[in-house]
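Q: First, the structure itself, so that you have it in front of you.
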Amino acid sequence: MAAWGFALIQSLLYLALAPLLVGWVHKVKARLQNRRGAPIWQPYRDLYKLFAKEARMAHTASLLFRAAPYIVFVATWLAAAAIPLLSTDLPTAAMADVIVIAGLLGLARFFLALAGMDVVTAFGGMGASREMFVSALAEPAMLMAVFSLAMTAHSTNLASVVEYQLLGEPFLRPSYLFALAALVLVAIAETGRIPVDNPSTHLELTMIHEAMILEYSGRHLALMEWAAQLKLLLYAALLVNVFLPWGIAQSIRPDMLGMAFVLLVVKLALLGVALAVSETLLAKMRLFRVPAFLNLALLLALLGLMSHVILEVGA
Amino acid sequence: MSITLALQLAEGAIGLALLSALVSFFPATIRRRVAMPLFTLSGLVALAAGLVTLINGGVATAQLPLGLPWLPWQVRLDVLSGFFLSIIGVVSFAVGIYAPGYVRGFEGGKDSLRVLGGFTGLFLAGMMLVVLADDAFMFMVAWELMSLSSYFLVAWHHDSAANRRAAFLYLLMAHIGGLSILLGFGVLASFGGGFTFEAMRGASLSFGWASVAFVLAFIGFGMKAGLVPLHAWLPEAHPVAPSHISALMSGVMLKVAVYGFIRFVFDLIGTVHWQWGVAVLIVGSLSAIIGVLLALMQNDLKRLLAYSSVENLGIIFIGLGLALLFLAEGHPLIATLAFVAALYHCINHALFKGLLFLGAGAILHSANERDLEKMGGLLRRMPWTGFFFLVGSISIAALPPFNGFVSEWLSFQAALQAWQLEGGVLRSIVPIVASLLALTGALVAATFVKVYGVAFLGQARCRAVRRARRVPLSMRTGQGILAFLCLLLGILPTFFIDLINAVPREILGQGLSQVSAHGWLWLTPISQQTASYGAPLVAMILFVALVLGLWLVGRGARRVRLGDAWDCGYAPPTPSMQYTGTAFVQPIRRIFGLLFQISDGVETQQDGRRRYYLQVVDRAWGLLYAPIARWVEWSSRQVVRLQSGSIRTYLGWTLATLLLLLWLVV
């Protein structure tokens with residue numbers, strides 16, 4: 006029961022930290038561009054403002070349009086709750102393994118895309134079309150990448166994968182490197198960052214995620230934005246905790262958790278800096294360059310899986 | 286004792302189906318009141334028979350007073366038959382409830398409702414006889430009964446030439462497939478020394494002959510199941526039939542083909558080889574990926590659903606291929622897991638494809654429209670159908686917490702055990718198949734976002750759709766039953782897998798003993814350490830969090846203000862400005878373009894207006910069907926040369942044939 010209680014606390018921590026990561030990335034990006042930038046808690050203020058505001062909806066929108074923000078938010082949150090953040094003693098990770106996490110993210114995306122198609126403007130449909138196009142290519146790469154980790158650990162339970170990493174001697178497996186590279190590419194595509202999508206654009210030629218939520222306002226928009234921030238934190242936690250798990254608590258003890266929290270913040274801050282730097286250096290690419298980008302991810306993931314089953318299993 | 290009861294129930298179900306066929310030829314008042322209820326009852330009894338068999342296990346046999354003097358028809362009910370009998374039963378039950386309202390739309394039309402009702406009953410009886418048959422002879426007769434009666438159902442709207450063509454193609458392919466199955470049985474019968482399945486099980490075959498029998502059966506049953514590259518007939522034939530029949534054909538008849546394959550390969554041949562597994566895996570993954578891509582390109586809703594059946598059967602055969610591979614390599618536990626995944630997907634596909642075809646039928650019934658590009662906004666016009674169709678779409682897109690996800694999860698779990706195989710080649714085939722399966726899953730989601738978004742959301746693109754009315758209660762109930770089952774199988778997988786476990790226990794010699802070892806909340810196919818999925822918990826948390834979120838966020842919040850959609854300061858948006866289905870899939874069409882035969886361009890019409898046209902054709906036609914058709918035509922033209930018109934030549938040929946036969950015989 007204590008474990009479930011902790012799982013709840015950890016999932017609330019996801020909610021609390023998600024806007025902070027986005028604020029941090031924005032701040033670093035601003036500094037890199039010689040701007041002072043908004044304070045890093047600006048995303049909290051934005052969310053607060055949106056929740057307080059009145060929601061407006063097109064009268065052509067159906068009930069699904071109103072329900073979608075809640076479904077998207079809850080599904081994303083549940084997916085995040087199954088990824089170890091501070092501790093690997095996590096019953097939600099046994100409830101939802103990596104395949105379920107991918108499924109929950111798929112559920113969120115399904116409703117996000119449907120909401121985009123609901124209002125009679127071409128923007129929403131365009132965004133939905135592009136989102137499903139990108140995710141169709143990204144999803145196999147993501148699954149293959151996590152599968153090579155799962156096969157190594159003989160478990161699809163993420164907590165077990167992390168624990169397996171901690172137990173073994175820290176030697177470098179080729180499959181891990183391939184999986185890491187693939188997962189980074191997938192994370193960029195799935196969270197809608199440059200060079201695949203630009204979260205701060207509102208140009209019809211370039212936007213994907215923003216096009217789908219263009220018609221949302223008020224609390225609905227707040228939920229959609231928060232879900233997007235959660236997704237970024239989810240992928241960041243997946244990357245840092247699976248590939249650099251050192252420091253994560255293996256049982257729920259205050260001292261270990263405190264240590265895990267400090268290390269986690271450091272790791273996430275570094276990842277945020279890396280994201281900001283790459284977004285400053287790179288330009289967004291054309292939509293039809295994205296398949297090449299994601300095929301590379303799939304290829305890397307498959308190579309990782311193959312190098313695992315061919316080289317590492319017998320050894 | 287109770288297994289004999291189950292067999293009696295199954296015989297009763299067949300009797301009821303035949304009776305429903307007979308009653309359809311009575312005067313209209315009786316037909317309307319009695320025929321479909323009998324059909325529904327038949328489905329319910331078949332479901333009961335199947336469930337009793339699955340729960341109790343065991344085998345029951347009986348002899349029917351039919352057949353040849355030295356080969357009376359044997360029926361046999363075991364858990365494999367029982368499993369498929371319950372699939373037939375549950376979909377027929379829902380279809381039986383749905384059908385009266387749907388068929389009423391055809392009253393007063395020129396097509397005879399007697400013929401429709403009669404062949405529907407025969408069709409159901411044929412399918413049930415196939416799964417009960419215990420000898421090759423009866424199997425083939427029942428198989429033909431199923432194929433022929435469904436031919437008449439496909440040809441029911443026979444006034445359009447395209448429908449007649451589709452029906453003929455269906456008949457032709459069904460018979461080529463049937464011939465192949467017959468030859469396959471022939472191989473087994475000649476080694477086993479008899480046409481009964483009992484004798485065939487005892488046959489000991491060399492690898493070569495076993496492979497011949499396997500290939501023949503794979504072609505025959507694969508043809509019926511619509512596997513690539515033999516699939517091209519399926520999307521022609523299935524959509525042409527009335528929608529409730531399409532639901533039966535796609536949802537159930539394809540499963541009968543899967544039954545035939547399992548019975549033939551896993552039960553009758555018995556000893557399997559890894560080469561077969563690889564062949565089935567390759568064909569299965571090709572079917573899955575090509576099926577879904579072609580489904581994505583369709584704008585005719587029923588055709589799209591038919592192509593999606595090709596994809597789903599591909600997924601089922603991926604499961605069976607994995608089972609063959611692991612079984613041949615000596616890993617029976619993982620083979621069982623893959624086998625259970627395939628069986629679970631059989632039920633799932635029957636449920637959600639049945640549901641989706643019934644939904645398509647409801648749209649057809651109330652708006653008389655099959656073209657997606659003319660639909661839109663149907664969720665407001667038909668809220669219940671819209672809701673059930675959404676459930677079907679989420680289920681088929683393999684998203685939690687619905688049923689499609691469970692079978693996908695099980696398939697991935699089986700594929701993840703590939704490291705146990707011997708040799709790098711086999712070990713690396715499985716991950717590639719898994720990645721194709723993942724790609725397929727993502728593309729299915731795109732397909733059903735397109736279908737649902739274009740048909741049910743947005744605004745109507747034509748008048749008939751704008752005025753669509755909700756369908757009668759009976760039709761909604763039929764859909765509702767299937768939608769409810771989709772959810773039930775999604776959140777309580779442990780119960781259903783415990784039931785299904787009887788099948789691998791009989792066929793493969795063991796079940797998944799660990800599956801519910803940690804309580805009904807946890808689905809643990811191999812062990813708790815390897816993988817677990819708490820489906821009821823996921824569903825519950827999703828539900829509670831949703832309610833909580835609605836309460837927290839929506840509580841006390843001001844009413845949502847309605848206004849126009851943002852129009853960039855130009856003219857207000859009109860329905861024709863919405864994204865179309867064709868536009869939606871354009872990016873995917875562009876990158877997978879090589880797989881289709883695409884012709885598009887801008888043409889000037891007679892009135893001077895310019896119009897964009899686009900045609901996406903299945904490559905199977907050009908690569909496989911057309912050359913065979915040309916070859917058949919060419920060879921028949923050669924035969925025509927015999928026909929000189931002179932009696933002397935004909936007599937000469939007769940004499941020559943006689944001499945040849947004498948020489949051969951004596």
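Chains as they are written, first to last, in this note's numbering: chain W, 6 to 320; chain G, 286 to 951. A virtual CB, placed ideally from N, CA and C, is assigned to each residue, including glycine.
Counting only beta-carbon separations shorter than 7 Å, does residue 727(G) have a partner in chain W?
A: yes
Q: Which runs of the alpha helix (DSSP H) at least 4 residues long sit entirely within the stretch 895-928 of chain G? Give them in chain order.
A: 911-925
Q: Please state if the CB of residue 606(G) and the CB of residue 646(G) are separated by a distance shorter than 7 Å.
A: no
Q: Counting along the chain, where does the beta strand (DSSP E) carrying residue 851(G) start and finish?
A: Counting along the chain, residue 851(G) falls outside any beta strand (DSSP E), and DSSP gives it neither H nor E.
Q: Residue ranges of each alpha helix (DSSP H) run of no fewer than 4 residues wholly in the stretch 849-882 of chain G, ordered along the chain?
A: 866-869 and 871-876
Q: Got a sec, what are the start and stop residues for the alpha helix (DSSP H) residue 560(G) sits in?
A: Residues 559-582.
Q: Can you tell me which of the three DSSP states residue 886(G) falls into?
A: strand
Q: Please classify residue 855(G) as buried or exposed, where buried requires at least 16 other C-beta atoms within 10 Å of its C-beta.
A: exposed
Q: Skipping 5 residues on each side, what residues in its chain have a beta carbon closer than 6 Å to that of residue 29(W)?
A: 45 and 277
Q: Could you check what DSSP says for residue 524(G) in three-state terms: helix, strand or coil?
A: helix
Q: For residue 390(G) versus residue 309(G), is the C-beta spacing smaller than 7 Å?
A: no
Q: Excluding sequence positions up to five away, which residues of its chain have a Cβ less than 8 Å from the Cβ of residue 357(G)?
A: Cβ neighbours of residue 357(G) beyond the five flanking positions: 348, 349, 350 and 351.
Q: Drop a sphere of 10 angstroms on the beta-carbon of residue 444(G), count the other beta-carbons inside from all chains shown, and report buried for 16 or more, exposed for fewer.
A: exposed
Q: Are the beta-carbon atoms belonging to residue 644(G) and residue 122(W) less than 7 Å from one another?
A: no
Q: Could you check if residue 30(W) belongs to the surroundings of the ligand COA, using beta carbon to heavy atom distance under 6 Å?
A: As presented, the structure is devoid of all ligands, the ligand COA included, so that no description of it is given.
Q: Counting only Cβ pairs nearer than 7 Å, list the residues of chain W close to residue 704(G).
A: By Cβ distance, chain W contributes 156, 314 and 318.
Q: Compare the Cα-Cα distances from residue 699(G) to each of 809(G), 514(G) and 475(G) and report the closest residue.
A: Nearest of 809(G), 514(G) and 475(G) to residue 699(G), Cα basis: 809(G).
Q: Measure the C-alpha to C-alpha separation of residue 727(G) and residue 138(W) and round it to an integer number of angstroms.
A: 9 Å
Q: In chain G, which residues lie less than 8 Å from residue 76(W) when you measure between Cβ atoms?
A: By Cβ distance, chain G contributes 831.
Q: Go ahead and pull the three-state DSSP assignment for residue 123(W).
A: helix
Q: Which chain W residues are close to residue 778(G), counting only those with a beta carbon under 8 Å from its beta carbon?
A: Within 8 Å Cβ-Cβ: nothing; residue 778(G) doesn't reach chain W, min ~12 Å.
Q: Can you name the residues of chain W whose CB is closer than 7 Å to the CB of residue 665(G)?
A: 67
Q: With DSSP as the reference, label residue 934(G) as helix, strand or coil.
A: helix
Q: As a quick exercise: from 204(W), 289(W) and 244(W), pick the residue whose alpha carbon is nearest that of residue 230(W).
A: 204(W)
Q: If you measure from the beta carbon of residue 126(W) to each beta carbon in chain G, is any gap under 7 Å?
A: yes
Q: Short of 9 Å Cβ to Cβ, which residues in the stretch 190-207 of chain W face chain G?
A: Listed by position, the residues of the stretch 190-207 of chain W near chain G (Cβ gap below 9 Å) amount to none.
Q: Check whether the stretch 334-341 of chain G touches the stretch 450-462 of chain G, taking contact to mean three or more Cβ pairs, one atom from each stretch, closer than 8 Å.
A: no
Q: Are the Cβ atoms of residue 156(W) and residue 313(W) separated by less than 7 Å?
A: yes
Q: By the 10 Å Cβ neighbour count, where 16 or more other Cβ atoms means buried, how is residue 518(G) classified, buried or exposed?
A: Buried.
Q: Would you call residue 889(G) buried or exposed, if buried means 16 or more other Cβ atoms sit within 10 Å of its Cβ?
A: exposed
Q: How would you write the range of the beta strand (DSSP E) that residue 61(W) sits in, first residue to last?
A: 61-63
Q: Name, going along the chain, the residues of the stretch 871-882 of chain G whose beta-carbon falls closer than 9 Å to a beta-carbon of chain W.
A: 871, 872, 873, 875 and 876
Q: Give me the chain B residues within the contact set of residue 219(W), using Cβ-Cβ distance strictly less than 8 Å, ordered along the chain.
A: Chain labels in this structure do not include chain B; the protein chains are W and G.
Q: Going along chain G in order, which residues have a C-beta closer than 7 Å to the C-beta of residue 178(W)?
A: By Cβ distance, chain G contributes nothing, its closest Cβ being about 13 Å from residue 178(W), past 7 Å.
Q: Would you give the residue range spanned by the alpha helix (DSSP H) that residue 318(W) belongs to?
A: Residue 318(W) -> no alpha helix (DSSP H), and no H or E assigned at all.
Q: Who are the neighbours of residue 713(G) on chain W, taking C-beta pairs under 7 Å?
A: 311, 314 and 315
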